[in-house]
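In the working numbering, the protein residues as written are 16 to 122. First comes the structure, then the notes that go with it.
So, in structure tokens, the structure goes:
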């Protein structure tokens, strides 16, 4: 199940240097449900290997400025405290799985 990250939780997660994680920047619009469901399915597939989060929509604009995200949906992949990749645009489960899978293969 996806969890929602607020700014302070995000910073703790970033500094923890545990397993890699994906953060989805999604606005609550007509695409939100499909995008969050696709990410939820992928998070179940990679359970224990990578964590997946939704960035809290109340703080989304500030976070988008911080990470130079120009639009939603955008998915940021972090490892060892740094952004290592990003996926921009609407994505289905297969695309998200490929995005994360490529990273996992490169480790």
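Positions of the beta carbon are idealized from the N, C-alpha and C atoms, including for glycine. Note that the structure is predicted; figures quoted are calculated from it, not measured.
The C-alpha of residue 43 lies about 10 angstroms from the C-alpha of residue 87.
Under the Cβ criterion (8 angstroms, minimum of three pairs), the segment 19 to 39 counts as touching the segment 60 to 77. For the pair residue 20 and residue 107, the Cα-to-Cα distance works out to about 22 angstroms.
The Cβ atoms of residue 104 and residue 30 do not sit closer than 8 angstroms to each other.
Residue nearest to residue 90 within the set 35, 24, 64, 27 is 35 (criterion: CA-CA distance).
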